[in-house]
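Novice: Protein sequence lines, in the order shown, are assigned to chains A, B, C and D. Plus 86 on top of the position in the first sequence (first one is 1) and you've got our numbering. Plus 29 on top of the position in the second sequence (first one is 1) and you've got our numbering. Plus 729 on top of the position in the third sequence (first one is 1) and you've got our numbering. Plus 40 on top of the position in the fourth sequence (first one is 1) and you've got our numbering. Shown below is the structure under consideration.
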Amino acid sequence: MTNNIKEENNNSSIMMKPNKTRDIIEKIVETIFFLCAMVSVVSVIAIIVFVFYKGVAPFVGNNAYSFFDFISGVKWDPNHNEYGVFYMIVASILATIGAIIIGVPIGLLTAVFIAEIAPKSLVNIVKPGVELLAGIPSVIYGAFGLGVIVPLINKISPEPQGQSLLAVICVLTIMILPTIISLSEATLKAVPNSYREASLGLGASKTQTIFRAVIPAAKSGILSATVLGIGRAIGETMAVMMIAGNPIGGIPMSIWDKVRPLTTNIAMEMSYASGRHQEMLFATGVILFAFIMIVNITLIKITSKAGEK
Amino acid sequence: MSNEVSKFSVQELDLYYSNFQALKKINMEIQEKEITAFIGPSGCGKSTFLKTINRMNDLVEGVKVDGKIYLDGVDIYKDIDVIKLRSRVGMVFQQPNPFPMSIYDNVAYGPRIHGIKKKSVLDEIVEKSLRQAAIWDEVKDKLKKSARAVSGGQQQRICIARTLAVEPEVILMDEPTSALDPISTLKIEDLAVELKEQYTIIIVTHNMQQASRISDKTAFFLTGEVIEYGKTEQIFNTPKNKKTEDYITGRFG
Amino acid sequence: MNSRKLKDSILQGLIYFSAAFTIFILTVIIGFILYKGVPGINLHFLTRQWEEKTTFVRVDKVAEPKDSDKEGYVSSLDITLKKDKEGNLYISKIGSDSSLDSAVDMLGQSFKVKSDDKLSKVDSNDLSELSVADAVKMINQSQDNMRLKITRPGGGIVPMLVSTIYIILLSLVIAAPIGILSAIYLNEYAKPGKILNAIRFAIQNLAGIPSIIYGLFGMLIFVQYFGMGYSILAGALTLSIILLPTIISTTEEALKAIPQTYRESSLGLGATKLQTNYKIILPNALPGILVAIILSIGRIVGESAALMLTAGTVAQIPTAITGNEAGAATLTIKLYMLMKEEGDIATACSIAIILLALIIVLNITSKVITRRFLKKQGI
Amino acid sequence: MTRQVFIKELEVLHNDVIKMGSVLELSLNEMIVALQDMDVELAQKIIDRDDEIDLLEQQIEKECINIIAKQQPIASDLRKVTSIMKIITDIERIADHCADISEYLMQIHKQPTMKAPEHLSDMIQVMKKMVVDTIDSFVNQDADKAASVIAQDDIVDNYFTSISKELCDMMQKDIKVIPQCVAYIMIIKYIERMGDHSTNIAEWIQFIVTGKLVLS
């Protein structure tokens, strides 16, 4: 009895590649896949390390530039070794907050319009439009800003030129709208219909159902959409560069003032900066990076928390 | 037939989904403070009819309703605002669907949308409704916890409590226990029998034993028509119509 | 009760207002771009180089000159001349047996003269001030093997189109395999645990980093450290890092859409994990992967900040992948430069229109693929 | 047609009742013959067969309980099963009476012969028709035939009163015949009871068919 089992084992193994080589191939392939996956990890680490290494350099070693002056400085004049970025931080924050305050409500309500109220025919027009808005490269928003918004502001602004915090806020609002609309709309659509039926069944009106049952149920999705919007607003460079005015100093006091966000500071001077000036630009990059990290971590926390509920 | 005023009087009711006729010439008087069961094979129109009573069918595109439904003698399609109707006629669904909020917020949702804000009043309503739904003892110390983190049977009773919180006069139940285990099912049935003291209950069910166990009157639906409607004992002992007999003795097809 | 009705109508009003606002913004932007850009769009814009290019050529006279009294016809070379709006002389028509076909540049290589090329000098006499007729007479009188100064007009976006395509291909060649393979690893092989969380965290962070930071990094590493200079390779490498999160997450979605039963039944038949991935998973995920690639093309076309610092801003067709011959401005960069340096919003909008068209095409293709893919799945 | 298993079980039950009915008819006919010919061996055979009928009754009863537990019959099915449980008791009672009559027959046989009461055979015939008709009406679920059986019961009762009076007169005239007359009175009592049991069965059959239960 025993030997024919051995027999059988032999012919069955002939059919398949001998187990040993098959396993080796499996292992090799798996490691290749693993290495590809690690590329993302390596690149993130590399970016952080290099940007921080280059960015921290000026504040360390012999004639170090005081980090405090850098952080609190309100004047940026590379020729006179003056590198204050505080007023840029304020500009970036104000612009982002402005864009969020206007963009999120409008975006959310438009998403409600598309997901809950609009008839099918209208949705088929608005939705592709929003997707297109999302696809437009930011440079074009810059063109639009320069071509339309700046002149408009110029007419009503007490300041001589149109480039201003207001212009930046307008363009950033327009840019984050599609992100907020498409994401919020997706989460609203994901809310199961049984909630709407349950709410209507209790005698709630259509609007009450939307604002008291559907939106609360989609809260986490809307939150992450907002955070993504913030991320995009802070990180925007090209569109903002042409309409911000980029003064060399001064904390913006009113929406009409010229502003110089962190991102534009880097982009404008990087091509011709060198030595200490270049390192300072990297330092600005580090500050920006810090903001982004905060935004990313809150986003990940929200999405993971939403997962458990 | 007793001479009480019927809670619902349905006259010559037809319903069309675009061109498909789902309900044909429904005539029925539904009594107050009684459990009326609708039975029949799937697709026979019993759920559709139930959803016409609280006008949930209005949400469906291309629905057309002819004929009249009177609630306490008032035409629900003409003379009652749909919001008022739905707060007087509560509904419990097949799949327990508590909102993704705490148990407290779920039950308080109804009163809040109808303008009740004071916390003390809400607390009282929530407790009263949960007690009425025979689930107060099981959830009284975790009102703040999410309503979805409890068993299916408990979720369904929370949904019932949520409906009771709006103080309806009628409770519609659309196969309320088909997704529940036998024990929870019996709990819901006992609850329904208790609630019939104060509310008119209409229940759609596939489970004939359930219909015979808890209902006072039963209507047998087939392809959109009411084949037979009468006292439950009579329907389940000596049904007049052969089609009813065949259905309840399981002889069809 | 009517306070509820009041509150409802206010909220409804707000909803309609914001929807209208969004639609208004959309139409204004598209309208602005079209209004400003459309006039600039014409055949030349799409087919010509960006910079003007002048070359000197030597050409012989035609053996048997046909004479025709058509205005501007140069019998000795069988070509017709005209004056354009700005008054420079250009070749409007080249005859079938015109000797220009055998024109030779100063290095002795043949040079293809095309219609619309400007003609400004014959031997040493300047033609730009002469009328068409005098210029014709001048050319006919000059001896054989005359020297002509030919200037090919610029103003076209061909170099940018070409470099955009180069960068797209190069970035995809780098990013797509890495992205797809890591998506497969994450979805098929990775066991939940610290490593997997680290990778997920990294990918989510990559997606959040603004492109200017990538620009900085790219410039530091690829342009300077590796000495590639402002080149399409540096640009492509930087871009591929930006693309990784998009490709990975979209591919993962496609992989997740494949029912678990496919994997189980394949493994059940004794197939190895690799065979399962190769035979069952990949083919089914292909449409998803295609969508991932299309989305990334959309991102590359839209990218500006990162590329500016890595691929440079020179409007030329790169002839190498590294070194200064490899610098190349994509459409978006050119659009930015036009506005920043020359404040020429009109041409910028023309380029914008091309970009918009590209993005619309990409959106539609990705929708068609997903719809066909879903229909095939029977969902 | 759904619930094939349940339908088969009902048929088995139905046939078992018919089988029990046919055994009863056998005993009944033999009882009649035995009475006429005062055939003692035949009487003994009837008495022995009574156990067989009792067994059949218990088996059918178990079947009914089984069906109710497993299939939860409703409406007409429920009526059929519950009625059968009632019917088999009446059939068993009728069979017992055949045995009882046979025992009294044996006693009469020991006594000096006596002329049977005049209308006894007529009474027996009417009773026999009632039993046979009621079993037939069960076989075909025929409510009308069942009604006709119920109508016959009074005839049997009248025979009982007239014959028992006749027997009392005979006893007053001649004390020697008292033991036989007493036996005959008992016999006609059993025959009258057999009529009543047939009526019961007929009423249950009407309940099965019409759903209306009218117990006289």
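Even for Gly, the Cβ is constructed at its ideal location relative to N, Cα and C.
Using the C-alpha atoms, what's the distance from His237/D back to Ile164/D?
Specialist: In the fourth sequence, the residue the question calls residue 164/D occupies position 124. In the fourth sequence, the residue the question calls residue 237/D occupies position 197. Roughly 14 Å between the two C-alpha positions.
Novice: Compute the Euclidean distance between the alpha carbons of Lys271/B and Lys97/B, then round it to the nearest angstrom.
Specialist: The residue you call residue 271/B lines up with position 242 of the second sequence. The residue you call residue 97/B lines up with position 68 of the second sequence. Lys271/B and Lys97/B: Cα-Cα distance of roughly 29 Å.
Novice: Ignore the nearest five residues each way along the sequence and tell me which others in Val63/D's own chain have a CB closer than 8 Å to its CB.
Specialist: Within the fourth sequence, the letter at position 23 stands for residue 63/D. Hits under 8 Å: Arg89, Glu92, Ile93, Leu96 and Ala135.
Novice: Is Pro440/A near Glu355/A, with beta carbons less than 8 Å apart?
Specialist: In the structure displayed, chain A extends from 87 to 395; residue 440/A sits before or after that span and is not available.
Novice: In whole angstroms, what separates the C-alpha of Ile1010/C from that of Ser390/A?
Specialist: Along the third sequence, read from residue 1 onward, the residue named residue 1010/C stands at position 281. Along the first sequence, read from residue 1 onward, the residue named residue 390/A stands at position 304. Using only the alpha carbons, I get a separation of about 27 Å.
Novice: Please report the straight-line C-alpha distance between Glu51/D and Phe178/D, rounded to a whole angstrom.
Specialist: Along the fourth sequence, read from residue 1 onward, the residue named residue 51/D stands at position 11. Along the fourth sequence, read from residue 1 onward, the residue named residue 178/D stands at position 138. Cα to Cα, Glu51/D sits roughly 13 Å from Phe178/D.
Novice: In angstroms, rounded to a whole number, what distance separates the CA positions of Asn236/B and Leu220/B?
Specialist: Counting from 1 along the second sequence, the entry for residue 236/B is found at position 207. Counting from 1 along the second sequence, the entry for residue 220/B is found at position 191. The straight-line gap from Cα to Cα measures roughly 17 Å.
Novice: Would a C-beta distance cut-off of 8 Å place Lys811/C and Tyr802/C closer than the cut-off?
Specialist: Stepping through the third sequence from its first residue, residue 811/C is reached at position 82. Stepping through the third sequence from its first residue, residue 802/C is reached at position 73. No, Cβ-Cβ distance for Lys811/C and Tyr802/C is not below 8 Å.
Novice: Alpha carbon to alpha carbon, how far is Leu238/A from Ala204/A? Give it in angstroms, no decimals.
Specialist: Translated into positions along the first sequence, residue 204/A becomes position 118. Translated into positions along the first sequence, residue 238/A becomes position 152. Each residue's Cα considered, the two are about 32 Å apart.
Novice: Kindly indicate which residue of Ile267/A, Gly289/A and Ile296/A has the alpha-carbon position closest to the one of Asn279/A.
Specialist: Within the first sequence, the letter at position 193 stands for residue 279/A. Looking at the Cα atoms, Ile296/A is the closest of the given residues.
Novice: For Met202/B, list the residues DSSP reports as bridge partners.
Specialist: Against the second sequence, residue 202/B aligns to sequence position 173. According to DSSP, which records beta bridges pairwise, Met202/B is partnered with Val121/B and Ile232/B.
Novice: Gly331/A bridges to which residues according to DSSP?
Specialist: Here residue 331/A corresponds to residue number 245 of the first sequence, with the count starting at 1. Paired residue(s): Val345/A.
Novice: Per DSSP, Thr809/C is paired with what?
Specialist: The count along the third sequence starts at 1 and reaches residue 809/C at position 80. DSSP lists Tyr802/C and Lys822/C as partners of Thr809/C.
Novice: Thinking C-beta only, is Ile928/C closer than 8 Å to Ala123/A?
Specialist: By one-based count along the first sequence, residue 123/A stands at place 37. By one-based count along the third sequence, residue 928/C stands at place 199. Closer than 8 Å, so yes.
Novice: Does DSSP put Gly1041/C in a helix, in a strand, or in coil?
Specialist: As a first step, residue 1041/C must be located in the third sequence, where it is residue number 312. DSSP places Gly1041/C in coil when its eight states are reduced to three.
Novice: Using a Cβ cut-off of 8 Å, which residues of the stretch 301-324 of chain A contact any Cβ in chain B, in chain order?
Specialist: Listed in sequence order: Pro302 and Ala303.
Novice: Counting only beta-carbon separations shorter than 8 Å, does Phe281/B have a partner in chain D?
Specialist: Counted from its first residue, the second sequence places residue 281/B at position 252. At least one chain D Cβ lies under 8 Å of Phe281/B.
Novice: From Gly315/A, Glu116/A and Val115/A, pick the residue whose C-alpha is nearest to that of Leu269/A; which is it?
Specialist: Looking up residue 269/A in the first sequence gives position 183. Nearest of Gly315/A, Glu116/A and Val115/A to Leu269/A, Cα basis: Gly315/A.
Novice: Return yes when the Cβ of Leu1085/C is within less than 8 Å of the Cβ of Leu1060/C, no when it is not.
Specialist: Position 331 of the third sequence, counting from 1, holds the residue named residue 1060/C. Position 356 of the third sequence, counting from 1, holds the residue named residue 1085/C. Contact flag unset, no.
Novice: My assumption, with CB atoms under 8 Å, is that Ala242/D sits in contact with Ile190/D. Please give the rounded CB distance.
Specialist: Stepping through the fourth sequence from its first residue, residue 242/D is reached at position 202. Stepping through the fourth sequence from its first residue, residue 190/D is reached at position 150. Yes, Ala242/D and Ile190/D are in contact; Cβ-Cβ is about 5 Å, under 8 Å.
Novice: Could you check the C-alpha separation between Ile380/A and Asn48/B for me, to the nearest Å?
Specialist: To locate residue 380/A, count along the first sequence from 1; it is residue 294. To locate residue 48/B, count along the second sequence from 1; it is residue 19. When rounded, the distance between both Cα atoms is 57 Å.
Novice: Taking just the CA atoms, how far does Ala1021/C sit from Ala919/C?
Specialist: In the third sequence, counting from the first residue as 1, residue 919/C sits at position 190. In the third sequence, counting from the first residue as 1, residue 1021/C sits at position 292. Roughly 21 Å between the two C-alpha positions.
Novice: State the CB to CB distance for the pair Ile1018/C and Leu968/C, rounded to an integer number of angstroms; the pair is presumed to be in contact (CB under 8 Å).
Specialist: In the third sequence, residue 1018/C corresponds to position 289, counting from 1. In the third sequence, residue 968/C corresponds to position 239, counting from 1. Not really, about 18 Å apart at Cβ, beyond 8 Å.
Novice: Say whether the stretch 972-986 of chain C touches the stretch 896-915 of chain C, bearing in mind that this needs 3 or more beta-carbon pairs closer than 8 Å, one atom from each stretch.
Specialist: They touch, by the three-pair rule.
Novice: Measure from the C-beta of Ile928/C to each C-beta in chain A and report whether the shortest distance is under 8 Å.
Specialist: Along the third sequence, read from residue 1 onward, the residue named residue 928/C stands at position 199. Yes, Ile928/C lies at the interface with chain A (some Cβ there is under 8 Å from its Cβ).
Novice: CA-CA distance, Ser204/D and Ile225/D?
Specialist: To locate residue 204/D, count along the fourth sequence from 1; it is residue 164. To locate residue 225/D, count along the fourth sequence from 1; it is residue 185. Computed Cα separation, rounded: 6 Å.
Novice: Between the alpha carbons of Asp140/D and Tyr230/D, how many angstroms are there, rounded?
Specialist: The sequence position of residue 140/D within the fourth sequence is 100, counting from 1. The sequence position of residue 230/D within the fourth sequence is 190, counting from 1. Roughly 8 Å between the two C-alpha positions.
Novice: What is the DSSP secondary structure of Arg787/C, counted as helix, strand or coil?
Specialist: Here residue 787/C is taken as the residue at index 58 of the third sequence, counted from 1. Arg787/C: strand per DSSP, three-state reduction.
Novice: Measure the beta-carbon distance from Lys246/B to Glu63/B and round it to whole angstroms, keeping in mind my assumption that it falls under 8 Å.
Specialist: As a first step, residue 246/B must be located in the second sequence, where it is residue number 217. As a first step, residue 63/B must be located in the second sequence, where it is residue number 34. Yes, they are in contact, since the Cβ atoms of Lys246/B and Glu63/B sit about 6 Å apart, within 8 Å.
Novice: Whose CA, out of Gly147/A, Ala201/A, Val326/A and Ile175/A, lies closest to the CA of Ile373/A?
Specialist: The residue you call residue 373/A lines up with position 287 of the first sequence. Answer by Cα proximity: Ile175/A.
Novice: What residues in the stretch 327-351 of chain A bring their beta carbon closer than 9 Å to a beta carbon of chain B?
Specialist: For the stretch 327-351 of chain A, which is checked against every Cβ of chain B, not one residue is closer than 9 Å.
Novice: Count the other CB atoms, across all protein chains shown, that sit within 10 Å of the CB of Gly221/A; report buried if there are 16 or more and exposed otherwise.
Specialist: What you label residue 221/A is simply residue 135 of the first sequence in a count that begins at 1. Gly221/A should be labelled buried.
Novice: Specify the secondary structure class of Ser1033/C as computed by DSSP and reduced to three states.
Specialist: Locating residue 1033/C in the third sequence gives position 304, counting from the first residue. It is coil, neither helix nor strand.
Novice: Measure how close the beta-carbons of Leu899/C and Leu962/C come, nearest whole angstrom, since I'm counting them as under 8 Å.
Specialist: Along the third sequence, one-based indexing puts residue 899/C at 170. Along the third sequence, one-based indexing puts residue 962/C at 233. With 8 Å as the limit, Leu899/C and Leu962/C qualify as a contact, their Cβ atoms being about 7 Å apart.
Novice: Interface residues of chain B around Gly235/D at Cβ under 8 Å?
Specialist: Walking along the fourth sequence from the start, residue 235/D turns up at place 195. Correct list: empty, because the minimum Cβ distance to chain B is about 29 Å.
Novice: Quick check: what's the CA-CA separation for Leu856/C versus Leu973/C?
Specialist: Taking the third sequence and counting its residues from 1, one reaches residue 856/C at position 127. Taking the third sequence and counting its residues from 1, one reaches residue 973/C at position 244. If you take the alpha carbons of Leu856/C and Leu973/C, they lie about 57 Å apart.
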